Amino acid sequence: QEKPRSHDEL
Amino acid sequence: MNIFRLAGDMTHLFSVLVLLLKIHTIKSCAGISLKTQELYAIVFTTRYLDLFTTYISLYNTIMKLIFLGSSISIVWYMRHHKVVRRSYDKDQDTFRHYLLMLPCLLLALLINEKFTFLEVMWAFSLYLEAVAILPQLVLLQRTRNIDNLTGQYVLLLGAYRALYVLNWIYRYFTEENYVHWITWVSGIVQTLLYADFFYYYFQSWKNNVKLQLPA
C-alpha cells in the first residue's frame, strides 16, 4: 500500500 | 491535518478574499501585478489536474476549485472588467513573466518525482509558484504608495508560505515516509523571497508609518 503523497497538500 | 497546514490554507484563502474584496468593492486593482496573477492561474491549473484523477477529500476538492476559480476570475477582472482594468498599473508592471516559465518547465522535465505528465506538471507548478510573486514584489517596489489591502494581500501570501514550511517540519517528524524534496526546496525558496518584504512591512507597522519599500 503506497502512502499518500505530498499531493494531499494544496 | 495539522494546525500549521490549516492555518496556512486559511491565510491563503484570506489573501484571495482580500484581493477579491479590493476588486469587487473598491473596483480597483491598483498595485496588483497582473503578471503574478497570470502565473498563479497557470500554477493552479497545472497543479490541480489531479482533480480529474484522484479524490483526496471534500475539503481538498473544494479548496482546489476555490483557488482555480478565484485566480482565473482575478485575471479576467484585471484584463476585461471595464472599470477595474483602468486602475491597473500597466506601465509599472513590466516584468517579463513568460521568461520564468521555460526554465521552470525544463527543471520540471529534469527533476520530478516520476516522469509522467501529471507529475511533471505538478513539479512545474511548484517551481513556477516559487517565483510567481516576483513581478508583484517588483511592482510594489516601484509603487510609491502601497495601499493597506495590497500590503495585507502580500503579507497573507507570505504567511501562507511560512506556515506551510512549519507544516512540512511537523509532518516530517510525525508521519512515516514523509519526504518531499521538490515541494520543500521550492517552498523554502518561495518563502525566502518574502523575507525582505516582511522586514519592511513590520518596520512600518512597528513605527506606525505607511509602508514604503526602498527603491
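Those protein sequence lines, which keep their order, are chains A and B. Following the numbering used here, the residues of the first sequence are numbered contiguously, the last one being 10. Following the numbering used here, the residues of the second sequence are numbered contiguously, the last one being 1215. The C-beta atom is built at its ideal place from N, Cα and C for all residues, glycine as well. Just so you know, these numbers come straight off a predicted model, no measurement behind them.
Closer than 8 Å to chain A by CB, residue i
{"i": "B/Phe1067", "result": "yes"}
{"i": "B/Met1121", "result": "no"}
{"i": "B/Met1078", "result": "no"}
{"i": "B/Asn1112", "result": "no"}
{"i": "B/Thr1191", "result": "no"}
{"i": "B/Asn1060", "result": "yes"}
{"i": "B/Met1063", "result": "yes"}
{"i": "B/Thr1046", "result": "no"}
{"i": "B/Thr1054", "result": "yes"}
{"i": "B/Asp1196", "result": "no"}
Alpha-carbon spacing of residue i relative to residue j, whole angstroms
{"i": "B/Gly1008", "j": "B/Ala1195", "result": "17 Å"}
{"i": "B/Ser1028", "j": "B/Val1083", "result": "8 Å"}
{"i": "A/Lys3", "j": "B/Gln1141", "result": "Legend: pLDDT at A/Lys3 = 49, less than 50; position of this residue unreliable, value from coordinates given subsequently. When rounded, the distance between both Cα atoms is 43 Å."}
{"i": "A/Gln1", "j": "B/Thr1116", "result": "Unreliable placement is indicated for A/Gln1, whose pLDDT of 43 sits below 50; the coordinate value is still reported in the next sentence. Going by the C-alpha atoms only, they are around 20 Å apart."}
{"i": "B/Ala1215", "j": "B/Val1179", "result": "39 Å"}
{"i": "B/Gly1031", "j": "B/Trp1122", "result": "29 Å"}
{"i": "B/Ile1182", "j": "B/Tyr1200", "result": "29 Å"}
{"i": "B/Met1010", "j": "B/Leu1021", "result": "16 Å"}
{"i": "B/Val1043", "j": "B/Leu1126", "result": "7 Å"}
{"i": "B/Arg1096", "j": "B/Asn1177", "result": "39 Å"}
{"i": "B/Leu1058", "j": "B/Ile1188", "result": "28 Å"}
{"i": "B/Phe1014", "j": "B/Gly1069", "result": "15 Å"}
Residue nearest to residue i in terms of C-alpha spacing, selected from the options
{"i": "B/Thr1025", "options": "B/Lys1206, B/Lys1210, B/Leu1149, B/Phe1173", "result": "B/Leu1149"}
{"i": "B/Glu1129", "options": "B/Phe1004, B/Leu1017, B/Thr1045", "result": "B/Thr1045"}
{"i": "B/Ser1033", "options": "B/Ile1066, B/Pro1135, B/Ile1111", "result": "B/Pro1135"}
{"i": "B/Val1120", "options": "B/Asp1050, B/Val1138, B/Ser1073", "result": "B/Asp1050"}
{"i": "B/Leu1137", "options": "B/Leu1157, B/Asn1060, B/Val1018", "result": "B/Leu1157"}
{"i": "B/Asn1002", "options": "B/Tyr1040, B/Phe1173, B/Arg1079", "result": "B/Phe1173"}
{"i": "B/Gln1037", "options": "B/Ile1056, B/Asn1112, B/Tyr1098, B/Asn1060", "result": "B/Tyr1098"}
{"i": "A/Glu9", "options": "B/Asn1207, B/Thr1191, B/Phe1197, B/Trp1184", "result": "B/Trp1184"}
{"i": "B/Leu1110", "options": "B/Phe1124, B/Ile1146, B/Val1131", "result": "B/Phe1124"}
{"i": "B/Ala1132", "options": "B/Ile1062, B/Arg1161, B/Ile1146", "result": "B/Arg1161"}
{"i": "B/Leu1017", "options": "B/Gln1203, B/Ser1204, B/Tyr1153", "result": "B/Tyr1153"}
{"i": "B/Phe1067", "options": "B/Leu1102, B/Glu1113, B/Thr1094, B/Tyr1048", "result": "B/Tyr1048"}
Closer than 8 Å to chain B by CB, residue i
{"i": "A/Gln1", "result": "At A/Gln1 the pLDDT is 43, less than 50, meaning the model places this residue with poor confidence; the figure from the coordinates comes in the next sentence. It does not; no Cβ of chain B falls within 8 Å."}
With 16 other Cβ atoms within 10 Å as the buried cut-off, status of residue i
{"i": "B/Arg1144", "result": "exposed"}
{"i": "B/Thr1053", "result": "exposed"}
{"i": "B/Tyr1077", "result": "buried"}
Residues near residue i in its chain [Cβ-Cβ closer than 7 Å; skip 5 each side]
{"i": "B/Phe1004", "result": "Leu1163, Leu1166, Asn1167, Tyr1170"}
{"i": "B/Gly1151", "result": "Tyr1201, Leu1211"}
Same chain, Cβ closer than 6 Å to residue i, five either side skipped, listed in chain order
{"i": "B/His1012", "result": "Tyr1160"}
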